[in-house]
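Asker: Before anything else, here's the structure in question.
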Amino acid sequence: MRRRDVLAGGMASLLLPGLWGANAHAASAQERCFLFLYAEGGWDPAVTLTPMFDVPGAWVEEGSRLNYGAGDVPYVDHGSRPAMAEFFRRHGAELALLHGMEVPSISHESCLRLLLTGQARALDPDWPTQIAGSPQERPMPHLVIDGPAFAGNLSERVVRLGSEGQLPLLLEDRFSDDLDNAKVDPEIQALIDASVAQRSAARADSPDYLATHAQAHLDSVLGLQGLQSEAQGLSLSQGRPGCTRDYETDFETLFTCFEAGLSRCGMIRHKGWCDQGWDTHQLHERQGINWEDLGDVLLDLMAVRERFPSVKERLVVVVASEMGRHPRLNNWGGKDHWTWTSAMLFGDGVRPGVVGALDELGQGRGVDLATGGSGSVRLGPQHLGDTLLSLGAGEVIGAPIQGLLL
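Following my numbering, the numbering of the sequence shown begins with 121 at its first residue and continues without gaps.
Structure (structure tokens):
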């Protein structure tokens, strides 16, 4: 039994085997679903993902060693991180590791926006929002269990479960029970909703500049109506936040929505062990603790994935943080922000292996996008985004990393 099994408060049982006609077999990129697991605060890839033994002056935790998981994927092993070692041992052959990706900022907010959109200040929607599709296709295209979302002009695609699980209350209209004012008669509310939908539909067919927004609103209205019709049979449980957050429940909830055809993308945030965070300007040993906790979370993810075979065969998982940490320790025993980082991908359509590397300064080496080997291209978030858009049949505006694609 792992430590997380002891800490977790149990898992919810979620049974929705066939809502919305989910396909039994993935047939195309349009059917893939995407889980984004985000490590908030800036992780240190050198602790586990990215060996820095050959970078002069780089801090390497005493007792660390280069090891190889299944599929001969290299990682940094340490006796204090058995869960992470177990994850690589069991699942290394599935993993694609992306090293030396530059996120050119030292601000958390700018780096996060860059990681998820490829733009530092633009209001473009993030990768999962772009991939997710419209509410007319799925009522909750991008389901944010916990974590960031940049919806841009596609806000109708993003649905938040809520920090306290407010979404089920809204769908079941239980919030109004706590209000002093009287509830609107259901028949009157139905007439209002029908009128709003009718006016949106009429505006969407018009040639004026509001037509696009009206169509988006109409999609949202239709998606909400469809979701409300299924709400009584839908469990949208959430892992309790705090030191014992139950990620298993989060994965169960998201995969249930994938299986039911309600959602295509999902975001879950990892804030480190006991929500202590990954931003370690001091007490850098917390990185090792966080990586071990993340190892437990990844093992939970894989266990839940086995219980959803129709999701497993079309699932793509992205594990990333908004920035890395400097190769050297600072004067306070921590590591400051570093623009080069690593990411982990696995799942349907992803080619396992290692793409990219670090040079003697701990900076990213050039990559050949076609093969994933050594080349002249410096990797950035836009390359990651275009790769994900390619996997999801989205609109690719740049160059995906073909070496990551099957």
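Even glycine gets a Cβ: it sits at the ideal position worked out from N, Cα and C.
Quantities reported herein were computed from a predicted structural model and do not represent experimental measurements.
1. On a CA-only basis, which of Pro429, Asp413, Gly161, Val175 is nearest Leu481? Give me that one, please.
2. Which same chain residues, not among the five before or five after Trp393, have their C-beta less than 6 Å away from its C-beta?
3. So within the segment 188–255, which uninterrupted beta strand (DSSP E) runs reach at least 3 residues, ignoring any that extend past its ends?
4. Exposed or buried, Ser320, counting other C-beta atoms within 10 Å across all chains shown (16 or more means buried)?
5. Give the DSSP-derived three-state secondary structure of Ser340 in the structure shown.
6. With respect to the alpha helix (DSSP H) encompassing Val424, which residues constitute its N-terminal and C-terminal limits?
7. Measuring alpha carbon to alpha carbon, tell me which of Trp460, Met422, Gly523 ends up nearest Asp479.
8. Name the two residues that bound the continuous beta strand (DSSP E) containing His503.
9. Rounded to the nearest angstrom, what separates Ala213 and Gln407 at their Cα positions?
10. Please classify Gln358 as buried or exposed, where buried requires at least 16 other C-beta atoms within 10 Å of its C-beta.
11. Residues in its own chain within less than 7 Å of Met121 by CB, not counting five upstream and five downstream?
12. Look up Gly453 in the DSSP assignment and give the residues it is bridged to.
13. May I ask you to list the residues that DSSP assigns as paired with Ser494?
14. Taking the continuous beta strand (DSSP E) assigned at Cys385, which residues delimit it?
15. For Gln286 and Ala336, I'd like the C-alpha separation in whole angstroms.
16. Does Leu281 come out as helix, strand or coil in the three-state DSSP assignment?
Answerer: In terms of the structure at hand:
1. Of Pro429, Asp413, Gly161, Val175, the residue nearest in Cα terms is Val175.
2. Scanning its chain for C-beta atoms nearer than 6 Å, with the 5 sequence neighbours on each side dropped, one finds around Trp393 the residues Ile409, Asn410, Asp413, in chain order.
3. The beta strand (DSSP E) runs of length 3 or more contained entirely in the segment 188–255 are, from start to end of the chain, 194–197, 216–222.
4. Taking a 10 Å sphere around the C-beta of Ser320, we find 16 or more other C-beta atoms and assign the residue as buried.
5. Residue state for Ser340 is assigned as helix, using DSSP reduced to three classes.
6. Where Val424 is concerned, the enclosing alpha helix (DSSP H) stretches over 405–426.
7. Residue Trp460 is the option with its Cα nearest to Asp479.
8. Counting along the chain, His503 falls outside any beta strand (DSSP E), though it belongs to the alpha helix (DSSP H) covering 501–511.
9. Straight-line measurement puts the Cα of Gln407 at about 25 Å from the Cα of Ala213.
10. Looking at its Cβ environment, which holds 16 or more other Cβ atoms inside 10 Å, Gln358 is buried.
11. Only weak support is given to the placement of Met121: the predicted model assigns it a pLDDT of 35, under 50, and the value that follows is read from those uncertain coordinates. Same-chain partners within the cutoff: there are none.
12. In the DSSP output, where bridge partners are listed per residue, Gly453 has Gln402.
13. Beta-bridge pairing by DSSP links Ser494 to Val487.
14. For Cys385, the enclosing beta strand (DSSP E) has its first and last residue at 385–390.
15. Their Cα atoms are separated by approximately 23 Å.
16. Correct three-state label for Leu281: coil.
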